[in-house]
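To start, the structure under review is shown below, and the notes come after it.
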Amino acid sequence: MTPDQVFKRWVHGAIVVFVVAFVYFIVADIWLPLSAQARVMHPVVGIAPDVSGQVTQVLVQNNQQVKAGDILFSLDKQSYQLAVDKAELALEAAQQENTQLDASIASAQASVAAYQAQADELGLEVKRLQQLIGSRNVSQQQLDKAAANYQAALAQVDAAKAQANELVVRRGEPGEANLLLRQAANTLANGRLNLQYTDVRAKVDGVMTNLQLVPGNYATAGKTLAALVANDADIIADFREKSLTRVKAGTAASVIFDGLPGQVFAATVRAIDAGVKDGQLSADGSLANPESSDRWVRDAQYLRLHLTLDDNDAVLAALPTGARATVQLYPAAGPARWLGQAQARFISLLHYIY
5 MTPDQVFKRW VHGAIVVFVV AFVYFIVADI WLPLSAQARV MHPVVGIAPD VSGQVTQVLV
65 QNNQQVKAGD ILFSLDKQSY QLAVDKAELA LEAAQQENTQ LDASIASAQA SVAAYQAQAD
125 ELGLEVKRLQ QLIGSRNVSQ QQLDKAAANY QAALAQVDAA KAQANELVVR RGEPGEANLL
185 LRQAANTLAN GRLNLQYTDV RAKVDGVMTN LQLVPGNYAT AGKTLAALVA NDADIIADFR
245 EKSLTRVKAG TAASVIFDGL PGQVFAATVR AIDAGVKDGQ LSADGSLANP ESSDRWVRDA
305 QYLRLHLTLD DNDAVLAALP TGARATVQLY PAAGPARWLG QAQARFISLL HYIY
């Protein structure tokens, strides 16, 4: 074989390899979509106290596993305990005031009854004198005086009733429905809640990370002091739009984690995001800002999908947030799936090298 024939054979072979690779790339992008742009994402919960105060105790260490409800650190309780004590005294004072009002109401009602009895007696006296004045056994002056006394007694009855009503209004509803008691009880409940908030607890199961809090630091209500990486995790992967034309929720997949070379984990597509930030419009009053580009071939748009591992939650929980991964999708069965599985296995072995 002449050198020209050898060169021509190499050229033909290179062309065949290029054509096969090009066809494989086109077909694989639709039937065997693969993305190395995947990560493990754990929700990161910011730990912020609900009340302000000086940190007195830090009960966890950096990178320690905690459970929801565990106390992470405590704040100085003295001022909040004093507030609770003050609220308890205020509640007792409200109860005592209501007892005093009850006694005053009873006394006022007794006065009303006494004045009413006196007025009734004077009313009978006026009627008797009116009957006797015709026979001239009594004088008009006596009748007028009795009538005046009767009117004065009625006025005393009205005044006593008004005083009793005022006391009843001040007393309010009986029992626990009383306004003074409810206000005092609400203040006490708020004080106890703030005292409870001095023990800052974990909201979810997870791992404390980058913890730099020490006793003596001052904590401000609502200001984040530490981070808790939740055990719950999500796998996200970005694919070109074209690669997802045959993919939907429930599509089978394989996940290869960079930190676990040689292992391929079965997964399932849980959801595909409805859009990306570039497609979000804001009603800000501005005019349209069309994209200008002189490129003939523009960059492809990527969409994000979410996956869950099949029966490997412990593996996912053990991986750190941000861990890189490669995702292989299987939108079709048969030879396409076999090639995809082979491709995933090859990548998993390749991770031993890089």
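Just so you know, we're using our numbering here: the sequence shown kicks off at 5 and counts up by one. Idealized CB from N, CA, C, for every residue including glycine.
DSSP bridge partner residues for A231 (one or two, in chain order): For this step, residue 231 is matched to residue 227 along the sequence shown. Looking at the DSSP assignment, A231 forms a beta bridge with G50 and T213.
Comparing alpha-carbon positions, which option in S258, T191 and Y222 lies nearest A94? If you number the sequence shown from 1, residue 94 lands on position 90. The option with the nearest alpha carbon to A94 is T191.
Reference S56; option with closest CA among A168, N67, L126 and N221: The count along the sequence shown starts at 1 and reaches residue 56 at position 52. Of A168, N67, L126 and N221, the residue nearest in Cα terms is N221.
Can you name the start and end residues of the beta strand (DSSP E) that G57 belongs to? Within the sequence shown, residue 57 is the residue found at index 53, counting from 1. Note, G57: beta strand (DSSP E), G57 to V62.
D317 - containing alpha helix (DSSP H), residue span: Your numbering for residue 317 matches position 313 in the sequence shown. Taken as a continuous stretch (DSSP letters only), the alpha helix (DSSP H) holding D317 covers D317 to A322.
First and last residue of the alpha helix (DSSP H) that includes Y201? Numbered from its first residue, the sequence shown carries residue 201 at position 197. L183 to Y201 is the span of the alpha helix (DSSP H), which, as asked, contains Y201.
Flag L36 as yes if its beta-carbon sits less than 8 angstroms from any beta-carbon of chain D, otherwise no. Note that chain D does not occur in the displayed structure, where there is just one protein chain.
Which word fits A206, buried or exposed, when buried means at least 16 other C-beta atoms lie within 10 angstroms of its C-beta? On the sequence shown, residue 206 is found 202 positions in, with the first residue counted as 1. Buried, because 16 or more other Cβ atoms sit within 10 Å of the Cβ of A206.
Using a 10 Å radius around the Cβ and a threshold of 16 neighbouring Cβ atoms, would you call W300 buried or exposed? For this step, residue 300 is matched to residue 296 along the sequence shown. Burial call: exposed.
Ends of the beta strand (DSSP E) at L311? Position 307 of the sequence shown, counted from the first residue, corresponds to residue 311. Start and end: Y306 to L313.
Name the two residues that bound the continuous alpha helix (DSSP H) containing S258. Walking along the sequence shown from the start, residue 258 turns up at place 254. Per DSSP, S258 belongs to no alpha helix (DSSP H); it is in the beta strand (DSSP E), A256 to F261.
Pick helix, strand or coil for Q267, following the three-state DSSP scheme. Translated into positions along the sequence shown, residue 267 becomes position 263. It is coil, neither helix nor strand.
How would you label L76, buried or exposed, when you count the other beta carbons within 10 angstroms and need 16 or more for buried? The sequence position of residue 76 within the sequence shown is 72, counting from 1. Per the 10 Å Cβ criterion, buried.
Quick check: what's the CA-CA separation for N316 versus E245? For the purposes of this step, residue 316 is taken as the residue at position 312 of the sequence shown. For the purposes of this step, residue 245 is taken as the residue at position 241 of the sequence shown. Each residue's alpha carbon lies about 28 angstroms from the other.
Kindly list the residues whose CB is nearer than 7 angstroms to the CB of L343, restricted to its own chain and excluding five residues on each side of it in sequence; keep chain order. Start at 1 with the first residue of the sequence shown, and residue 343 comes out as number 339. For L343, where only same-chain residues beyond five positions count, the Cβ hits under 7 angstroms are L36.
Three-state secondary structure assigned by DSSP to S108: For the purposes of this step, residue 108 is taken as the residue at position 104 of the sequence shown. Reduced to three states, the DSSP call for S108 is helix.
Proximity to A304 [Cα-Cα], best of R132, E170, W14 and F243: Here residue 304 is taken as the residue at index 300 of the sequence shown, counted from 1. Closest option to A304, Cα to Cα, is F243.
How would you write the range of the beta strand (DSSP E) that L76 sits in, first residue to last? For the purposes of this step, residue 76 is taken as the residue at position 72 of the sequence shown. Start and end: I75 to L79.
Along the chain, where does the alpha helix (DSSP H) containing Q345 start, and where does it finish? Stepping through the sequence shown from its first residue, residue 345 is reached at position 341. Per DSSP, Q345 belongs to the alpha helix (DSSP H) from P339 to L354.
P219 classed as buried or exposed, judged by whether at least 16 other C-beta atoms fall within 10 angstroms: Translated into positions along the sequence shown, residue 219 becomes position 215. Under this definition P219 is an exposed residue.
Just the C-alpha distance for A91 and A234, rounded to the nearest angstrom, thanks. The residue you call residue 91 lines up with position 87 of the sequence shown. The residue you call residue 234 lines up with position 230 of the sequence shown. Rounded to whole angstroms, A91 to A234 spans 38 angstroms at the Cα level.
Is T224 helix, strand or coil when you go by DSSP? Position 220 of the sequence shown, counted from the start, is the residue given in the question as residue 224. Coil at T224, not helix or strand.
Is the region 77 to 90 touching the region 182 to 200, taking contact as three or more C-beta pairs under 8 angstroms? yes
Per-residue DSSP class, three states only, for S39: Taking the first residue of the sequence shown as 1, we reach residue 39 at position 35. Residue state, collapsed to three classes: strand.
Look at the alpha carbon of T325 and the alpha carbon of D54, and state the distance between them as a whole number of angstroms. For the purposes of this step, residue 325 is taken as residue 321 along the sequence shown, with counting starting at 1. For the purposes of this step, residue 54 is taken as residue 50 along the sequence shown, with counting starting at 1. C-alpha separation (whole angstroms): 27 angstroms.
How many angstroms separate the CA atom of Q160 from the CA atom of R186? Within the sequence shown, numbered from 1, the residue matching residue 160 stands at position 156. Within the sequence shown, numbered from 1, the residue matching residue 186 stands at position 182. Those two C-alpha atoms are separated by around 35 angstroms.
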